[in-house]
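Here's the structure we're looking at; comments come further down.
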Amino acid sequence: MSYVKSAEWVLERLGKDGLVVVDARYVLSDTNAGRNAYAEGHLPGAYYLNLSHDLSSPKREDGRGGRHPLPEPAVLAETLGRIGISNDTPVVAYDDQGGAMASRLLWLLQWTGHKGEAVLLEGGYAGWVAAGHPVTTEVPAEVSGVVYTPSVQEHMLVSQDEVRERIGRAGTVIIDSRDPGRYRGENETMDPVGGHIPSAINRFWTEGRGADGKWKNAEEQAARFEGISKDDEVIVYCGSGVTATPNVFALQEAGYKNVKLYAGSWSDWSSYEGNPVATGE
Numbered sequence: 112m113s114y115v116k117s118a119e120w121v122l123e124r125l126g127k128d129g130l131v132v133v134d135a136r137y138v139l140s141d142t143n144a145g146r147n148a149y150a151e152g153h154l155p156g157a158y159y160l161n162l163s164h165d166l167s168s169p170k171r172e173d174g175r176g177g178r179h180p181l182p183e184p185a186v187l188a189e190t191l192g193r194i195g196i197s198n199d200t201p202v203v204a205y206d207d208q209g210g211a212m213a214s215r216l217l218w219l220l221q222w223t224g225h226k227g228e229a230v231l232l233e234g235g236y237a238g239w240v241a242a243g244h245p246v247t248t249e250v251p252a253e254v255s256g257v258v259y260t261p262s263v264q265e266h267m268l269v270s271q272d273e274v275r276e277r278i279g280r281a282g283t284v285i286i287d288s289r290d291p292g293r294y295r296g297e298n299e300t301m302d303p304v305g306g307h308i309p310s311a312i313n314r315f316w317t318e319g320r321g322a323d324g325k326w327k328n329a330e331e332q333a334a335r336f337e338g339i340s341k342d343d344e345v346i347v348y349c350g351s352g353v354t355a356t357p358n359v360f361a362l363q364e365a366g367y368k369n370v371k372l373y374a375g376s377w378s379d380w381s382s383y384e385g386n387p388v389a390t391g392e
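Anchor point for the sequence shown: position 129 equals 240 in our numbering, and the numbering is continuous, going up by one each time.
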């Protein structure tokens, strides 16, 4: 996909043209694992941003809003400025979780009006190391004087109420990005209720990559969403609004223009007892 770049492409640009590299590694079962991995080695000049602390707001005790609520734009802007990202700064993001965490950052940049090039490192950190490219344990200093001015793109989001209104509505397609088992309501371990939003179809986000682990091209992405009209409003969700973002970019790559994220996703939806739930296929 156009928002995914090879390790060689990134290597050629390290330290040039103001490029900022962000390490977004994160493991759901251990919130410190990503930072620990970063301390053991990362791309030269890369800063670390944590999904829970930097790319999300604190989770509410009642679970409402989901497991990874979107960060406040002003708070995110301050974080981005500290690592040298302005609205025009080119950014490369990577993780070792198939690109989901890095895609969350790229989506947040798009949502807050970032205008510079923002891309995902193909193959993540493991692919970078396997290619023999340089790594370091040196942590770059925070910068001063860089301002990121958020310009929130409200059209990129839908609320829980808006999703409820659109269930079964002609001209709207709801896509569940979780694995098929969780979509069907089987073996749910992360959220209080198993199943999916009624009328939602399942397009597991990892199917955006081929057997070799590389991201599929525009034509292959379009094949994943065959049958969905380019004129439709497409609403994408997952468990907590993170792994849905690769599907958002895949849809955009495939030519869909009206793609929206339900950021609270299933963790928000299932926290309200009155919301309808479907199971099975």
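Where is the CB? At the ideal position from N, CA and C, for every residue including glycine. This one's a predicted model, so the numbers in the text were calculated from it and none came from an experiment.
Per DSSP, the bridge partner or partners of residue i
| i | result |
| --- | --- |
| residue 170 | In DSSP, residue 170 forms no bridge with anything. |
| residue 153 | 247 |
| residue 278 | The partner list for residue 278 (beta bridge, DSSP) is empty, contrary to what the question assumes. |
| residue 159 | 134 |
| residue 312 | 286 |
| residue 326 | 320 |
| residue 268 | 372 |
| residue 307 | 389 |
| residue 115 | 231 |
| residue 83 | Lying before the first or after the last residue shown, residue 83 is absent from the chain, which here runs from 112 to 392. |
| residue 141 | 138 |
Cut-off 6 angstroms between Cβ atoms - residues of its own chain near residue i, not counting five sequence neighbours on either side
| i | result |
| --- | --- |
| residue 413 | Because the chain in this structure spans residues 112 to 392, residue 413 falls outside the shown range and cannot be described. |
| residue 381 | 302, 303 and 304 |
| residue 378 | 177, 178, 302, 350 and 351 |
| residue 279 | 310 |
| residue 290 | 315 |
| residue 142 | 163 |
| residue 124 | 130 |
| residue 220 | 229 |
| residue 175 | 382 |
First through last residue of the beta strand (DSSP E) which encompasses residue i
| i | result |
| --- | --- |
| residue 370 | 370-372 |
| residue 204 | 202-205 |
| residue 384 | Run containing residue 384: none; DSSP gives neither H nor E here. |
| residue 348 | 344-348 |
| residue 241 | Here residue 241 belongs to no beta strand (DSSP E); instead the alpha helix (DSSP H) covers 235-241. |
| residue 230 | 229-232 |
Run of the alpha helix (DSSP H) containing residue i, from where it starts to where it stops
| i | result |
| --- | --- |
| residue 428 | Past the boundaries of the shown model lies residue 428; the chain is included only from 112 to 392, so the question cannot be answered. |
| residue 220 | 211-222 |
| residue 294 | 291-295 |
| residue 287 | Residue 287 -> not in any alpha helix (DSSP H); beta strand (DSSP E) instead, spanning 283-287. |
| residue 355 | 355-364 |
| residue 122 | 118-124 |
Pair within 8 angstroms by beta-carbon distance, residue i and residue j
| i | j | result |
| --- | --- | --- |
| residue 310 | residue 286 | no |
| residue 353 | residue 211 | yes |
| residue 231 | residue 239 | no |
| residue 202 | residue 121 | no |
| residue 366 | residue 341 | yes |
| residue 137 | residue 199 | no |
| residue 344 | residue 283 | yes |
| residue 296 | residue 190 | no |
| residue 146 | residue 161 | yes |
| residue 192 | residue 259 | yes |
| residue 356 | residue 209 | no |
| residue 112 | residue 337 | no |
| residue 109 | residue 274 | Residue 109 is absent from the structure shown; the chain starts at 112 and stops at 392. |
| residue 306 | residue 388 | yes |
Contacts around residue i, its chain only, beta-carbon distance under 8 angstroms, and the 5 residues preceding and following it disregarded
| i | result |
| --- | --- |
| residue 321 | 327 and 331 |
| residue 173 | 382 |
| residue 167 | 179, 180, 181 and 182 |
| residue 277 | 269, 283, 285, 344 and 346 |
| residue 266 | 371 |
| residue 252 | none |
Cβ shell of residue i (< 7 angstroms), same chain only, five flanking positions each side left out
| i | result |
| --- | --- |
| residue 359 | 218, 347, 370 and 372 |
| residue 242 | 118 |
| residue 184 | 223, 261 and 263 |
| residue 245 | 155 |
| residue 195 | 131, 254 and 257 |
| residue 197 | 257, 258 and 259 |
| residue 294 | 287, 307 and 313 |
| residue 226 | 198 and 199 |
| residue 392 | 295 |
Contact belief for residue i with residue j at Cβ below 8 angstroms, rounded distance in angstroms
| i | j | result |
| --- | --- | --- |
| residue 261 | residue 329 | So it is not a contact: roughly 29 angstroms between Cβ atoms. |
| residue 374 | residue 268 | 6 angstroms |
| residue 385 | residue 324 | The pair is not a contact, with the Cβ atoms about 41 angstroms apart (cut-off 8 angstroms). |
Residue-level contact to chain B via CB, residue i, 8 angstroms cutoff
| i | result |
| --- | --- |
| residue 144 | No chain B appears in this structure, which consists of one protein chain only. |
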